[in-house]
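Asker: First residue of the sequence shown? That's 16 in the working numbering, and the numbers climb one at a time after it. Beta carbons are placed, not taken as given, at the ideal position from N, Cα and C, and that holds for glycine.
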Amino acid sequence: MTSSPVTAPPAAEMLTGAPDTGTVFDAALAGRSHRLVRHDGVVLPLAVQRWHDDADAEDDWLLDRCAGPTLDLGCGPGRLVVALADRGVPALGVDVSVQAVQRCLERGAAVLHRDAFERLPGEGRWQHVVLADGNIGIGGDPVTLLRRCRALLAEGGTVLLELEPDAGLWCGVAYLECLDEPVLDTIGDAPWFPWAVLGPHAVDEVAAEAGLTVVARDEGARAFVELAPA
Numbered sequence: 016m017t018s019s020p021v022t023a024p025p026a027a028e029m030l031t032g033a034p035d036t037g038t039v040f041d042a043a044l045a046g047r048s049h050r051l052v053r054h055d056g057v058v059l060p061l062a063v064q065r066w067h068d069d070a071d072a073e074d075d076w077l078l079d080r081c082a083g084p085t086l087d088l089g090c091g092p093g094r095l096v097v098a099l100a101d102r103g104v105p106a107l108g109v110d111v112s113v114q115a116v117q118r119c120l121e122r123g124a125a126v127l128h129r130d131a132f133e134r135l136p137g138e139g140r141w142q143h144v145v146l147a148d149g150n151i152g153i154g155g156d157p158v159t160l161l162r163r164c165r166a167l168l169a170e171g172g173t174v175l176l177e178l179e180p181d182a183g184l185w186c187g188v189a190y191l192e193c194l195d196e197p198v199l200d201t202i203g204d205a206p207w208f209p210w211a212v213l214g215p216h217a218v219d220e221v222a223a224e225a226g227l228t229v230v231a232r233d234e235g236a237r238a239f240v241e242l243a244p245a
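(1) Is it buried or exposed for Gly103, if we count other Cβ within 10 angstroms and need 16 for buried?
(2) Compute the Euclidean distance between the alpha carbons of Asp55 and Leu213, then round it to the nearest angstrom.
(3) Can you name, in chain order, every residue of its own chain whose Cβ lies under 8 Å from the Cβ of Val198, other than the five neighbours on each side?
(4) What is the rounded straight-line gap between the Cα of Leu161 and the Cα of Val63?
(5) Could you pull out every residue in the same chain whose Cβ sits closer than 6 Å to the Cβ of Glu179, ignoring the five residues on either side in sequence?
(6) For Glu192, list the residues DSSP reports as bridge partners.
(7) With DSSP run on the structure shown, which of helix, strand or coil describes Phe40?
(8) Just reading off the alpha helix (DSSP H) that Arg65 is part of, what are its end residues?
(9) Based on DSSP bridge pairs, tell me the residues matched to His143.
(10) As a quick exercise: from Arg165, Pro206, Leu167 and Glu121, pick the residue whose alpha carbon is nearest that of Gly37.
(11) Quick check: the Cα distance between Val229 and Arg80, rounded to an integer number of angstroms?
(12) Mapping DSSP to helix, strand and coil, what is Asp233?
(13) State the DSSP-derived secondary structure class of Ala98, mapped to helix, strand or coil.
(14) Straight-line CA distance for Ala243 to Pro84?
(15) Please return the same chain residues whose Cβ sits closer than 8 Å to the Cβ of Ala26, not counting the five positions on each side in sequence.
(16) Taking the straight line between their C-alpha atoms, what separation do you get for Pro91 and Leu61?
(17) Among the residues of its own chain, which have a CB less than 6 Å from the CB of Tyr190, if the five just before and after it don't count?
(18) Return the residue from the list Ala124, Ala238, Ser112 and Asp69 that minimises the CA-CA distance to Val96.
What follows is the structure, given as structure tokens:
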């Protein structure tokens, strides 16, 4: 879905004054309807209900490939962490959102309230790192994020990544628009934050720049790849 381009703040301002992304997503995780609006006017719906639901058959491609200790970055309410634990796979969720962490705890998911780029338990010993539900956007730089994921992996480990179907690479700034409130000066009031989108058309190049290579892929209604160190 697209709309007219909106005016984003200068990039330099975003680098020095970006808000806490966890706080930005708290309202959406609390159940209010939101969509993500990029500075180029492209609108991306947020699958908030899926985040809160139990994992289903659409998640199986990711879950089936988690054969050892798994770290879910940007885990949200923890559906994948719970599903892996139910399968007997050790899993830990990581999220900066207080709402996400609270809901993980409520459903019994192991979770850590921390930024993905801060020091994490077991660095270099995780068999799998998961980036689902658009979380390749975290930080606005997929190459840097994937390099971070690579550093978290044990020898022979992989990154399991969900992509935006039929997309390439986009990096910039975005804001969350609340659909449960009257449209006011949304563009002026909502905080902008760095974000990125990565799809099948660009994942091979981005992965290679991060020192990874695509070893498996699935492109349906949702698109996934598995990446291993090159």
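Answerer: Checking against the coordinates, here is how it stands:
(1) Under this definition Gly103 is an exposed residue.
(2) Those two C-alpha atoms are separated by around 15 Å.
(3) Here the model assigns Val198 a pLDDT of 47, short of 50, so the residue's position is not dependable, and the following value carries that caveat. None.
(4) Roughly 24 Å separates the two Cα atoms.
(5) Cβ within range, chain order: Val212 and Gly214.
(6) Arg50
(7) It is helical.
(8) Val63 to His67
(9) Thr85 and Thr173
(10) Pro206
(11) Roughly 14 Å between the two C-alpha positions.
(12) The answer is strand: DSSP assigns Asp233 an E or B state.
(13) helix
(14) 16 Å
(15) For Ala26, the predicted structure reports a pLDDT of 45, less than 50, and the residue's modelled location is therefore unreliable. A value from the coordinates is still provided. The answer, listed in chain order, is Val188.
(16) First, the residue type needs correcting, since residue 91 is Gly and not Pro in the sequence shown. So the alpha carbons of these two residues sit roughly 12 Å apart.
(17) Taken in chain order, the residues that qualify are Val52, Ala205 and Trp207.
(18) Ala124
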